[in-house]
Amino acid sequence: MHIAQAVIYGVGIIAGHTAICVTVLNRIQAVGISHGEERVLKRVLYLFAASMLGYIVYTFIASHGQVLVNLHDMDPSYVDLCLYWIMFLLVFRPLQVLRDRCGAYWRLDESEVIDIPTEKHDEWAGATRFPHWPSYKWNQVLSLEVNRKSVLVDGLPAALNGLTITHVSDFHLVGVPGKPFFQWVTEQVNKLQSDLICVSGDIVDAPDCVDWLADIFGEMQARYGKFFVLGNHDIRKLERSDLIARLEALEMQWVGDASHIIDVDGESVRVCGTEMPWADSHPVIDLDREVALSIAVMHSPDPISWARRSNVDLALAGHLHGGQIRLPMVGPVVSPSLHGVRMASGVYRRGSTMLHVSRGLSGLQPIRWRCRPEITQLVIRNRS
Ligand SMILES: [Fe+2]
C-alpha cells in the first residue's frame, strides 16, 4: 500500500471513530436523563472511545495499513464501520444542509460584532479555572454578535407586522464570564428596545450566582413582557420552583408549562413554551383559542414537532451553543440534540413553524471558536 493511501485510510478511520462517539455523546445529552445518569453514560462512552482508538491504532499498525485493502475479505469489524460511517456523513450532511435551507422565510438584516476592550478582560473574565483562556485571541467568549433577522410569517395581521422579539439564551451564570459581562449584555439587549424578550433556558449554573439575577434580568426592558423557560443546567443544583419564583419576582413570565395571551395593538399573541425533555410532559395548548401569532420558547430545539402540532408560528430555542467550536469545512461537532448538529444554530422551518436556535451567550467551558456569543432581535414580518 502506498504511504499516502495508508494515511488517508488512517485519517478516515479515526474521523469515523470520532464521529461515531460524538454521535452517541450528542444523544446522551439530549434524552432528558438525570445529570448523574448522564455522567455515568458519558464515562462509559469515553472508556469505549479510548479503548477502540487503541484497537484501531493496533489493527492499523499490525497490518501495515493493509487492513482496508481487501474489505470484502474481512469479517465486519469496528474499523470498517468507522470508514463507512464517515463516508455516509460526507454525503449525508451536505444534503441535510441543503434541505434545511429556508431563505424564502427569513433574512439577516444586520449583524454587528462587538469585541470587549482588552483592558476589561481581566475584570470581565470572572473567576475562571483557566484564567488566560478568555484572553487568547482565538477565543471569542468575551465578544458579542448582535444580529437582526426578519422572520416571515404567512397571514400576519397588520398590527403585528414588525413586532420585535429579542431572543437570548444560555447565560450559564457560573462565574465565568463575570457579572460585568452579563450586565453589559443587558445594556445591549435594552438598546434593541424590543417588544418582547424571550430567554430560552440555562440561565444559572451556580447557586452563588443567583444573586446576579436582579442586576441582569431585572434590568431588562420590553414593551409587552419578558418570557423564559428553564434549561437542563438550571435544575442541576437549584430548585426549579425556587428559581422560577425568583425570576417571576423580576417581572419575568415563566412559560415552561404555561401559556400567556398578550394583547398587541388589539391582536392576541400567544406565548407558550416547553421544558421537555427535562419535564414530565409537554404542556397542552388550547388550540380552540384563536390567536393572530403563536410563539413558543423552548430550551432544546428537539421539541419542534410539539411546536408544529401546537400551531406555533415561531419557536425559539438554545441549548446547543452553536457547537461552541465550529471547525472549518465541518462546522459544529458537539451538539447535544437528537438531531445532532443539524439544528445547532440558525433559522429553520418545519411545516409552517419557523424555528430560531440561538448560539447563546456562554457555556460551562470558557471556549468559543468561530462561534461568538449572540443576541438576536427577530422582526416578525408578513410574508404574503
Ligand atoms: Fe446551555
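Once you know that position 79 of the sequence shown is 78 in numbering that gives the first Met the number 0, the rest is easy, because the numbers rise by one and skip nothing. Glycine residues also receive a C-beta, built at the ideal position from the N, C-alpha and C atoms.
>> Quick check on DSSP: helix, strand or coil for residue 20?
In response: As a working mapping, residue 20 is identified with position 21 in the sequence shown. The answer is helix: DSSP assigns residue 20 an H, G or I state.
> Which residues mark the beginning and the end of the beta strand (DSSP E) in which residue 140 is found?
Replying inline: The residue you call residue 140 lines up with position 141 of the sequence shown. Residue 140 -> no beta strand (DSSP E), and no H or E assigned at all.
> With distances taken from CA atoms, which of 337, 132, 164 and 29 is nearest residue 368?
Replying inline: For the purposes of this step, residue 368 is taken as the residue at position 369 of the sequence shown. When only C-alpha atoms are compared, the closest one is 132.
> What is the C-beta distance between residue 321 and residue 291, in whole angstroms, given that I count them as a contact (C-beta under 8 Å)?
Replying inline: On the sequence shown, residue 321 is found 322 positions in, with the first residue counted as 1. On the sequence shown, residue 291 is found 292 positions in, with the first residue counted as 1. That belief does not hold up - the Cβ atoms of residue 321 and residue 291 are roughly 31 Å apart, past 8 Å.
> Out of 161, 327 and 181, which has the shortest C-alpha to C-alpha gap to residue 167?
Replying inline: Start at 1 with the first residue of the sequence shown, and residue 167 comes out as number 168. When each option's Cα is compared against that of residue 167, the closest is 181.
>> residue 254 and residue 272 - do their beta-carbons sit closer together than 9 Å?
In response: Your numbering for residue 272 matches position 273 in the sequence shown. Your numbering for residue 254 matches position 255 in the sequence shown. For residue 272 and residue 254, yes; Cβs fall inside 9 Å.
> Hey, how far is the Cα of residue 346 from the Cα of residue 29?
Replying inline: The residue labelled residue 346 in the question sits at position 347 within the sequence shown. The residue labelled residue 29 in the question sits at position 30 within the sequence shown. Using only the alpha carbons, I get a separation of about 20 Å.
> How many angstroms separate the CA atom of residue 227 from the CA atom of residue 5?
Replying inline: Mapped onto the sequence shown, residue 227 falls at position 228. Mapped onto the sequence shown, residue 5 falls at position 6. C-alpha separation (whole angstroms): 52 Å.
> Below 8 Å, can you find three or more Cβ-Cβ pairs linking the stretch 159-178 to the stretch 210-224?
Replying inline: yes
> Out of curiosity, what's the CA-to-CA distance linking residue 206 and residue 233?
Replying inline: Taking the sequence shown and counting its residues from 1, one reaches residue 206 at position 207. Taking the sequence shown and counting its residues from 1, one reaches residue 233 at position 234. Taking the straight line joining both Cα atoms gives about 10 Å.
> Could you name the residues, in chain order, whose CB is less than 5 Å away from a heavy atom belonging to ligand 1?
Replying inline: 169 and 201
> When the distance is taken between beta carbons, is residue 113 closer than 9 Å to residue 145?
Replying inline: Numbered from 1 along the sequence shown, position 146 holds the residue referred to as residue 145. Numbered from 1 along the sequence shown, position 114 holds the residue referred to as residue 113. Result yes, Cβ atoms of residue 145 and residue 113 sit closer than 9 Å.
> At which residue ranges does the stretch 258-334 contain complete beta strand (DSSP E) runs of 3 or more residues, listed in the order of the chain?
Replying inline: 258-263, 266-273, 292-297 and 313-316
> In terms of residue numbering, what span does the alpha helix (DSSP H) encompassing residue 225 cover?
Replying inline: Translated into positions along the sequence shown, residue 225 becomes position 226. Here residue 225 belongs to no alpha helix (DSSP H); instead the beta strand (DSSP E) covers 225-228.
> Is the stretch 93-101 close to the stretch 139-157, with three or more CB pairs under 8 Å?
Replying inline: no
> Is the distance from the Cβ of residue 52 to the Cβ of residue 27 below 9 Å?
Replying inline: Here residue 52 refers to the residue found at position 53 of the sequence shown. Here residue 27 refers to the residue found at position 28 of the sequence shown. Against a cut-off of 9 Å, the Cβ pair of residue 27 and residue 52 comes out as no contact.
> Which residues bound the beta strand (DSSP E) around residue 347?
Replying inline: For the purposes of this step, residue 347 is taken as residue 348 along the sequence shown, with counting starting at 1. From DSSP, the beta strand (DSSP E) with residue 347 extends over 345-349.
> Does the stretch 359-368 come within contact of the stretch 318-332, defined as at least 3 CB pairs closer than 8 Å?
Replying inline: Yes, the stretch 359-368 is in contact with the stretch 318-332.
>> Restricting to Cα atoms, I'd like to know which of 339, 200, 332 and 249 is closest to residue 275.
In response: Residue mapping note: residue 275 aligns to position 276 of the sequence shown, counting from 1. When each option's Cα is compared against that of residue 275, the closest is 200.
> In chain order, what residues of the same chain have a beta carbon less than 7 Å from the beta carbon of residue 223, not counting five sequence neighbours either side?
Replying inline: Counting from one through the sequence shown, the residue named residue 223 turns up at place 224. The residues are 194, 195, 261 and 263.
>> I need the DSSP call for residue 33, collapsed to helix, strand or coil.
In response: Sequence index remark: in the sequence shown, residue 33 carries index 34 (1-based). Reduced to three states, the DSSP call for residue 33 is coil.
>> Just list the residues that DSSP pairs residue 81 with in beta bridges.
In response: What you label residue 81 is simply residue 82 of the sequence shown in a count that begins at 1. In the DSSP output, where bridge partners are listed per residue, residue 81 has none listed.
> Does DSSP classify residue 243 as helix, strand or coil?
Replying inline: One-based indexing of the sequence shown puts residue 243 at position 244. Here residue 243 sits in helix by DSSP.
> How far does the alpha helix (DSSP H) with residue 189 in it reach, from first residue to last?
Replying inline: Within the sequence shown, numbered from 1, the residue matching residue 189 stands at position 190. Segment 178-190, the alpha helix (DSSP H) holding residue 189.
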